[in-house]
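The numbers in the sequence shown follow the working numbering, run straight up by one, and end at 126.
A virtual CB, placed ideally from N, CA and C, is assigned to each residue, including glycine.
As the structure is a prediction and not an experimental result, all values here were calculated from the model.
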Amino acid sequence: FTGTASNALRQPYIWLTIILTVAVCLLPVVAIRFLSMTIWPSESDKIQKHRKRLKAEEQWKRRQHVFRRGVSSRRSAYAFSHQRGYADLISSGRSIRKKRSPLDAIIAEGTAEYRRTVE
């Protein structure tokens, strides 16, 4: 009948039934996969778990040395700009790349094409 689907989907009990049905159908599959991976892991699961553990240990070792006081491996552009001799470079604008606007590129291509046809 026309309109019964829209009337049925307005009822909260229908949505509750749909969600519970999906959850009850998927729960055994997810539980079996989880238990099979934890109780009887395959060789690839063991290798992957071992790699993750080694990677976590390696990252932990690297993090211990990152926050040493007084030693800086990178400097910000602000700190770099305050070094001796860079004030003239920054204020002159020579360190900044000048980009051509797309309109200039189109005009330059058009005049070059015009010159080729005229000559």
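C-beta atoms of residue i and residue j nearer than 8 Å
i, j, result
"Ala12", "Ile21", "no"
Backbone CA spacing between residue i and residue j [nearest angstrom]
i, j, result
"Asp52", "Ile39", "15 Å"
"Glu48", "Val29", "It should be pointed out that residue 48 corresponds to Pro in this sequence rather than to Glu. Roughly 27 Å between the two C-alpha positions."
"His57", "Pro19", "47 Å"
"Thr9", "Arg17", "15 Å"
"Leu23", "Val37", "21 Å"
"Arg60", "Ile46", "18 Å"
"Gln66", "Ile54", "18 Å"
"Cys32", "Ile25", "11 Å"
"Phe41", "Leu34", "11 Å"
"Glu50", "Lys68", "27 Å"
"Glu64", "Leu27", "41 Å"
Backbone secondary structure at residue i - three-state DSSP
i, result
"Thr9", "coil"
"Gln66", "helix"
"Pro19", "helix"
"Ser51", "helix"
Neighbourhood of residue i by C-beta distance below 7 Å, restricted to the same chain and skipping five residues each side
i, result
"Met44", "Asp52"
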